[in-house]
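This note's numbering numbers the first residue of the sequence shown as 16 and each following residue consecutively.
Cβ atoms here follow ideal geometry from the backbone N, Cα and C, with glycine treated the same way.
This one's a predicted model, so the numbers in the text were calculated from it and none came from an experiment.
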Amino acid sequence: MLQPITPTSKANSSKPNSKRKRFPLLNLEFLVTFLLEKGEFHTNAQELSHEEVRVICPAGDIPLLVPRTAHHRPDEKIVHQAELQLDNNFKLNVKLQVLSCRRYSQQGFNVAFRLLELSEEQQDALEAFLNKALDKNIPTASMFS
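Here's what the structure looks like:
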């Protein structure tokens with residue numbers, strides 16, 4: 016006979032000094048500027064959470080963000096310096112690591128990035144921004160889109 020699974024106290028424990036909350040991916044459109052060796056590259060973001068950004072990249076420009084070899088080598092870490100223009104008064108200068116790259120049409124790709132090395136001040140500002148978006152009932156991203 017199967018026994019029910021009971022949660023342990025270790026599973027529910029968290030760091031006492033951690034201020035981070037979990038945020039869903041929110042459908043927010045804003046400009047992302049990648050600072051590449053060849054110059055700046057601008058694209059639009061579609062989704063944002065406290066740890067992830069998802070952008071739309073035209074198919075012809077995808078080699079700028081994700082080299083062809085990275086499609087075949089999951090161990091290759093690709094990190095870019097970028098500026099997120101979340102609204103007129105709020106910019107974040109961050110490092111973004113490529114998490115995934117998927118074609119969504121003949122014309123473009125969805126690229127997901129992890130936010131790296133955010134300072135406490137940047138984390139607090141991003142959390143406040145996300146809380147405001149949640150208060151405005153910004154829709155969450157659909158896992159089927």
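Just tell me which of CYS72, GLU98 and GLU62 has its CA closest to the CA of LYS110. Out of CYS72, GLU98 and GLU62, GLU98 has the C-alpha closest to the C-alpha of LYS110.
Per DSSP, GLY123 is paired with what? Looking at the DSSP assignment, GLY123 forms a beta bridge with PRO73.
Closest residue to HIS65 among LYS151, GLU91, ASP139 and ASP150 (Cα-Cα distance): For HIS65, the closest of LYS151, GLU91, ASP139 and ASP150 by C-alpha to C-alpha distance is ASP139.
Length-filtered (4 minimum) alpha helix (DSSP H) runs lying within the stretch 86 to 116: Listed in chain order, there is nothing to give.
Using a 10 Å radius around the Cβ and a threshold of 16 neighbouring Cβ atoms, would you call ALA60 buried or exposed? Buried, because 16 or more other Cβ atoms sit within 10 Å of the Cβ of ALA60.
GLU142 by DSSP, collapsed to three states: which one? The DSSP-derived three-state label of GLU142 is helix.
Three CB pairs or more closer than 8 angstroms across the stretch 64 to 80 and the stretch 130 to 139: The stretch 64 to 80 makes contact with the stretch 130 to 139; the number of CB pairs closer than 8 angstroms reaches 3 or more.
GLU55 burial status per 10 Å Cβ neighbour count (16 or more: buried): It counts as exposed.
Contact defined as beta carbons within less than 8 angstroms: I believe PHE105 pairs with LEU80. What is the distance between those atoms, to the nearest angstrom? With a beta-carbon spacing of about 23 angstroms, PHE105 and LEU80 fall beyond the 8 angstroms limit used to define contacts.
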